[in-house]
Structure formats: C-alpha cells, structure tokens
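Note sheet for the following structure.
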Amino acid sequence: MHNMKLSPPDIVRMKGNEKITMLTAYDAAFGRMLESAGVDVLLVGDSLGMVVLGYESTVPVTMDEMIHHASAVRRGAPNTLLIGDMPFLSYQISPADAILNAGRFFKEAGCDAVKLEGGLEVCGVTRAIVDAGMPVVGHIGLTPQTAGKLGGLKVQGKDAESARRLLVEAKGLEEAGAFCLVLECIPDGVAKHITEAIAIPTIGIGGGVHCDGQVLVTHDLLGMFEKFIPSFVKQYTTLAPDIKNAVADFGKDVKDGLYPDEAHSFSMKLDPQEIFKE
Ligand code: KIV
Numbered sequence: 000m001h002n003m004k005l006s007p008p009d010i011v012r013m014k015g016n017e018k019i020t021m022l023t024a025y026d027a028a029f030g031r032m033l034e035s036a037g038v039d040v041l042l043v044g045d046s047l048g049m050v051v052l053g054y055e056s057t058v059p060v061t062m063d064e065m066i067h068h069a070s071a072v073r074r075g076a077p078n079t080l081l082i083g084d085m086p087f088l089s090y091q092i093s094p095a096d097a098i099l100n101a102g103r104f105f106k107e108a109g110c111d112a113v114k115l116e117g118g119l120e121v122c123g124v125t126r127a128i129v130d131a132g133m134p135v136v137g138h139i140g141l142t143p144q145t146a147g148k149l150g151g152l153k154v155q156g157k158d159a160e161s162a163r164r165l166l167v168e169a170k171g172l173e174e175a176g177a178f179c180l181v182l183e184c185i186p187d188g189v190a191k192h193i194t195e196a197i198a199i200p201t202i203g204i205g206g207g208v209h210c211d212g213q214v215l216v217t218h219d220l221l222g223m224f225e226k227f228i229p230s231f232v233k234q235y236t237t238l239a240p241d242i243k244n245a246v247a248d249f250g251k252d253v254k255d256g257l258y259p260d261e262a263h264s265f266s267m268k269l270d271p272q273e274i275f276k277e
C-alpha cells in the first residue's frame with residue numbers, strides 16, 4: 000500500500016518490482032473506499048455504460064457522461080492516480096479531436112492519464128496525445144468498443160497469427176509513448192511473452208498471472224453486477240444478494256410498523272400532548 004499518490008513514471012518503475020493493482024470506479028463513494036483500501040490506480044472505465052448506466056454495451060457512452068463520473072471519482076479519491084477511459088468515437092475522428100477530448104479528462108475531471116482501445120490504428124493518436132503532455136494507457140486484446148469487428152466478446156490471440164499481431168501492437172503502442180498497456184482476454188502464455196518483450200507494465204484483465212498488474216471491474220469483484228459474469232472474474236464477495244435481502248428486510252419492517260423503532264426516532268422532554276392541546 001502506498002501513502003503517496005503514484006505518478007505514471009512510478010507505475011513504470013513498479014514493473015518487475017511490485018505488482019500493480021487497478022480497479023474501476025464510477026462515483027465518489029467507491030472512489031473513497033477504494034482509495035482507503037490502497038488500490039494503486041483507479042480507472043473510470045467506459046464499462047460505466049453497462050455497470051452503472053444500464054446500456055447494453057460501452058458504445059453509447061458519451062464524453063459528457065465520462066467527465067461527470069470521472070469528476071465524482073476524483074472528489075472521492077484525491078490521492079490516487081486516476082485514469083479516464085476515452086469513449087467510442089472520442090479519439091477515432093482526428094488527432095485534434097482526440098487531444099481536445101483527452102484534455103477534458105485533465106482540465107474538467109482532474110484525471111492523471113487517459114486510456115484508449117486499439118492497436119496499430121491508434122498509435123498515431125496515442126503519440127499526438129502524449130506529445131500534447133498527457134500520459135496514455137493502451138488497451139489491446141479484447142477491445143469491447145469494437146467487439147463486433149472481433150466477432151463478439153471473445154478471447155483474442157489464440158492462433159499464431161493473432162498472437163504475433165498482439166505483440167506487434169504492444170510494441171507499437173510502447174513506441175508511440177503509452178506508459179502502460181491493458182491486456183484483455185488473451186491466453187496467459189501470450190500475455191507473458193508480451194510482458195517480457197516490452198519495458199512498460201502490462202495490466203491484465205483475463206490475461207493471466209504473468210502480467211505486471213491486474214485490473215477488474217469493481218462491481219464484478221464485489222458480486223454486484225449479476226447480468227454477466229466473465230469467467231476470469233474472481234468474486235471476492237457477493238454483495239448483490241446481501242443488498243437485495245437488506246432492502247427486502249427494510250420493506251417488511253416498514254410494512255409491519257417495526258421501523259423506525261424507538262432507538263431510531265427522536266424524542267423530547269416536553270409532552271407533545273401539552274404542546275398541541277387546543
Ligand atoms: O471499461 C473498463 O472498465 C475497462 C477495463 C480494462 C476493465 O476498460
């Protein structure tokens with residue numbers, strides 16, 4: 000656990016020395032809890048769309064929604080390295096557009112870095128954002144924003160050609176100036192090879208134990224998102240049933256007149272009958 004806020008160069012220095020922990024956060028309450036639990040890096044992922052906003056995919060998420068939630072996380076977690084995830088079409092149109100959108104995460108939400116999905120096709124825009132002074136995290140393998148093109152939410156890099164392409168993409172993104180790379184849903188052997196072949200840290204999500212760090216969607220880790228549980232997710236608790244039971248107990252107590260009881264009500268010394276007598 001670190002007492003000080005880590006910077007992108009600190010994260011690079013952790014490679015080979017200490018595993019990196021990254022978790023998603025979408026609001027101030029979780030930001031506060033995750034910061035006090037000592038998570039190294041917080042990611043305001045565009046998984047926001049499915050986990051919190053109820054969309055079917057990450058595609059509809061807008062820049063304004065990301066900024067709104069990233070600002071809230073920053074208020075809850077002022078001392079943790081915070082990454083804003085660039086939503087679909089916020090960086091594909093032109094480098095100028097990408098720089099302006101990345102800049103919003105820094106200027107309006109107080110983020111320390113941005114993340115964007117893609118391989119060689121985003122190396123140019125990665126370089127442009129880095130050259131404008133903003134640290135970038137890459138994201139290859141399963142890239143949910145363009146999952147349709149990949150044939151769905153599937154493990155990537157399972158054959159020799161696509162495994163080799165992932166390595167080329169990882170090296171390209173490192174060369175373009177990314178300081179860190181998320182590897183999503185790729186075989187652990189491929190993730191190991193990539194991790195050893197580049198000098199920047201790899202952060203796995205379904206990428207096996209050899210990555211330099213691990214990221215999970217916090218609601219998955221806590222068992223709060225029941226719609227779909229990817230097989231690589233380890234649920235450290237299952238809060239959804241606990242929440243539903245607690246809410247059902249509250250409802251029953253209210254209906255039965257058992258809540259609020261005396262311990263949860265305010266009394267006073269004066270006799271209300273005296274106060275309100277006509
Ligand atoms: O959107 C997201 O939460 C991500 C992850 C890496 C989990 O991109």
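Those letters in the sequence shown? Residues 0 to 277, per numbering that gives the first Met the number 0, in order.
Glycine included, every Cβ here is placed at the ideal spot set by N, Cα and C.
All figures in this text were calculated on a predicted structure; none of them were measured in a lab.
#1: Let me check understanding here. Comparing Cα to Cα, which of 238, 258, 204 and 62 lies closest to residue 23?
#2: Just how far apart, CA to CA, sit residue 195 and residue 187?
#3: Between residue 202 and residue 189, is the Cβ-Cβ spacing less than 7 Å?
#4: Nearest to residue 65 by CA position, among 220, 261 and 107, is which residue?
#5: For the alpha helix (DSSP H) that residue 62 lies in, which residues bound it at each end?
#6: Can you determine whether any heavy atom of the ligand KIV sits closer than 6 Å to the C-beta of residue 181, and answer yes or no?
#7: Suppose the cutoff is 7 Å on Cβ atoms and the five residues either side in sequence are ignored; what does the same chain contact list for residue 85 look like?
#8: State the Cα-Cα distance for the pair residue 74 and residue 216, rounded to the nearest angstrom.
#9: Answer yes or no: the CB of residue 23 versus the heavy atoms of the ligand KIV, is any distance below 6 Å?
#10: Keeping to the same chain, check which residues put their C-beta closer than 7 Å to that of residue 127; ignore five residues upstream and five downstream.
#11: How should residue 264 be labelled, buried or exposed, when 16 other C-beta atoms within 10 angstroms of its C-beta is the threshold for buried?
#12: State the start and end residues of the unbroken beta strand (DSSP E) segment that holds residue 341.
#13: Starting from residue 39, trace the alpha helix (DSSP H) both ways and give me its first and last residue.
#14: Beta carbon of residue 44: closer than 6 Å to some heavy atom of the ligand KIV?
#15: Should the segment 16-36 be regarded as contacting the segment 53-67, the criterion being three or more beta carbon pairs within less than 8 Å?
#16: Start and end of the beta strand (DSSP E) containing residue 213?
#17: For the alpha helix (DSSP H) holding residue 190, just list the boundary residues, first then last.
#18: Below 6 Å CB to CB, which residues in the same chain sit around residue 30 once its five sequence neighbours on both sides are set aside?
#19: Using 6 Å as the cut-off, classify the Cβ of residue 214 as near or not near the heavy atoms of the ligand KIV, replying yes or no.
In this structure, then:
#1: 204
#2: If you take the alpha carbons of residue 195 and residue 187, they lie about 12 Å apart.
#3: no
#4: 107
#5: Residues 62-75.
#6: yes
#7: 100, 101, 113, 114 and 115
#8: 20 Å
#9: yes
#10: Sequence-distant partners of residue 127 (beyond 5 residues in either direction) whose C-beta falls short of 7 Å from its own C-beta, in its chain, are 94, 97 and 98.
#11: exposed
#12: The structure shown does not extend to residue 341, since the chain spans only 0 to 277, so no value can be given for it.
#13: No alpha helix (DSSP H) holds residue 39; DSSP gives it neither H nor E.
#14: yes
#15: no
#16: From DSSP, the beta strand (DSSP E) with residue 213 extends over 212-215.
#17: 187-196
#18: 24, 72, 75 and 76
#19: yes
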